[in-house]
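In my numbering, the protein residues as written are 0 to 360.
Every residue gets a Cβ at the ideal spot worked out from N, C-alpha and C, and that includes glycine.
Keep in mind the model is a prediction, meaning the values are calculated, not measured.
Take a look at the structure set out below.
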């Protein structure tokens with residue numbers, strides 16, 4: 000439907016989606032951006048304009064263009080709006096990959112839910128996500144929306160297959176806590192885009208941390224996403240081991256300071272126990288970073304087979320013992336906020352795609 004609602008704040012501006020926005024949207028829409036939608040990926044300005052007009056023709060839908068400093072960086076919508084019943088959904092959301100993992104999505108959600116709860120007075124805001132869309136699942140979960148369940152065979156995907164939908168929601172009595180969480184994510188920066196986003200990769204020896212980090216690097220390079228990769232084990236690789244002197248942390252602070260001076264805002268950091276040290280590492284990085292912790296896992300057999308490719312003799316035996324001990328410790332101490340990603344029987348790039356989606360990059 001056509002509407003005249005504009006929402007502004009937190010570094011973004013939501014304006015009614017119009018034909019004039021089609022060219023800017025078409026410049027970045029591709030299969031990655033369109034993942035999880037029910038319609039085929041639009042190709043070119045004319046097909047994106049058809050998407051815009053379809054939104055205009057959908058009753059109870061308020062479609063917006065997302066602007067940052069006047070530039071179109073995405074689109075999002077209220078839809079299935081039923082103010083009499085006090086409910087609506089937020090969705091049809093897609094962004095330019097250049098703003099993935101930045102303040103843009105939480106800022107948009109804060110504006111939308113503030114209007115829904117505080118101006119319209121709804122009782123419920125829902126989010127519907129295709130079950131295969133790990134990026135959107137991670138993003139909605141990070142907002143603070145609660146999972147409600149799975150609707151089997153609920154939608155026809157763009158490839159013609161029937162897919163499940165996952166529902167999440169925020170209720171009016173939950174909104175104050177969700178709002179506070181979003182405000183906390185956006186707080187502390189004069190320029191929200193300057194916030195650092197950190198992806199911590201942890202796991203036992205032989206799990207493939209370095210290999211997965213390299214695959215993450217390749218994936219982000221292919222997407223032209225600026226980032227830096229730091230191998231934590233190399234920051235204090237010395238004899239005698241200086242771990243008790245905080246050398247690794249000091250080196251990380253220095254390395255990241257130099258990367259930030261070059262404009263980098265995304266850091267991939269690998270270390271066996273990094274997921275147990277998220278608070279410490281966040282403090283070292285500074286800037287109140289948005290941290291995603293991923294514990295890579297592998298069976299004993301898989302870890303030993305991988306270690307056997309690079310170690311032998313007493314070195315192999317020692318590495319296996321340390322790996323087994325680390326696996327037990329990590330399994331016991333990694334909290335519920337740590338994502339667990341199995342690496343057995345998967346290629347590094349398959350694992351990399353999953354962890355990048357979890358980070359929202």
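Could you name the residues of the same chain whose beta carbon sits closer than 8 Å to that of residue i, not counting the 5 residues immediately before and after it, in chain order?
{"i": "residue 332", "result": "275"}
{"i": "residue 177", "result": "112, 142, 143, 144 and 169"}
{"i": "residue 109", "result": "8, 9, 178, 181, 182 and 185"}
{"i": "residue 140", "result": "146 and 167"}
{"i": "residue 41", "result": "25, 28, 33, 47, 49 and 50"}
Can you find the residues in the same chain that come closer than 7 Å, C-beta to C-beta, to residue i, ignoring five residues on each side of it along the sequence?
{"i": "residue 162", "result": "129, 130, 131, 154 and 156"}
{"i": "residue 127", "result": "88, 90, 164 and 166"}
{"i": "residue 136", "result": "128 and 165"}
{"i": "residue 151", "result": "163"}
Going by CA-CA distance only, name the one from the options that's closest to residue i.
{"i": "residue 343", "options": "199, 207 and 96", "result": "207"}
{"i": "residue 278", "options": "288, 114 and 173", "result": "288"}
{"i": "residue 75", "options": "24, 227 and 46", "result": "24"}
{"i": "residue 294", "options": "105, 351 and 57", "result": "351"}
{"i": "residue 216", "options": "265, 301, 310 and 32", "result": "265"}
{"i": "residue 229", "options": "210, 254, 329 and 239", "result": "254"}
{"i": "residue 97", "options": "354, 335 and 221", "result": "221"}
{"i": "residue 94", "options": "71, 114 and 81", "result": "71"}
{"i": "residue 198", "options": "100, 60, 152 and 44", "result": "100"}
{"i": "residue 367", "options": "334, 262, 272 and 50", "result": "Here the chain comprises residues numbered 0 to 360, so residue 367 is not present and cannot be evaluated."}
{"i": "residue 345", "options": "263, 196 and 297", "result": "297"}
{"i": "residue 39", "options": "125, 158, 117 and 82", "result": "158"}
{"i": "residue 54", "options": "92, 309 and 263", "result": "92"}
Please report the distance separating the alpha-carbon of residue i from that of residue j.
{"i": "residue 205", "j": "residue 0", "result": "54 Å"}
{"i": "residue 165", "j": "residue 250", "result": "42 Å"}
{"i": "residue 224", "j": "residue 84", "result": "42 Å"}
{"i": "residue 267", "j": "residue 322", "result": "22 Å"}
{"i": "residue 22", "j": "residue 219", "result": "25 Å"}
{"i": "residue 30", "j": "residue 160", "result": "16 Å"}
{"i": "residue 47", "j": "residue 79", "result": "22 Å"}
{"i": "residue 202", "j": "residue 121", "result": "44 Å"}
{"i": "residue 190", "j": "residue 340", "result": "Because the pLDDT of residue 190 is 45, which lies under 50, any placement of that residue in the model is unreliable, and the question is left without a value."}
{"i": "residue 209", "j": "residue 200", "result": "9 Å"}
{"i": "residue 286", "j": "residue 359", "result": "18 Å"}
{"i": "residue 117", "j": "residue 104", "result": "19 Å"}
With a 10 Å radius around its C-beta and 16 neighbouring C-beta atoms as the bar for buried, classify residue i as buried or exposed.
{"i": "residue 327", "result": "exposed"}
{"i": "residue 349", "result": "exposed"}
{"i": "residue 119", "result": "exposed"}
{"i": "residue 316", "result": "exposed"}
{"i": "residue 226", "result": "buried"}
{"i": "residue 4", "result": "exposed"}
{"i": "residue 13", "result": "buried"}
Would a check of beta-carbon distances place residue i closer than 8 Å to chain D?
{"i": "residue 214", "result": "The structure shown contains no chain D, having only a single protein chain."}
Please report the Cβ distance between residue i and residue j, rounded to the nearest whole angstrom; I am assuming they are in contact, meaning their Cβ atoms lie under 8 Å.
{"i": "residue 235", "j": "residue 246", "result": "4 Å"}
{"i": "residue 73", "j": "residue 65", "result": "4 Å"}
{"i": "residue 61", "j": "residue 20", "result": "15 Å between Cβ atoms; not a contact."}
{"i": "residue 106", "j": "residue 11", "result": "5 Å"}
{"i": "residue 281", "j": "residue 290", "result": "5 Å"}
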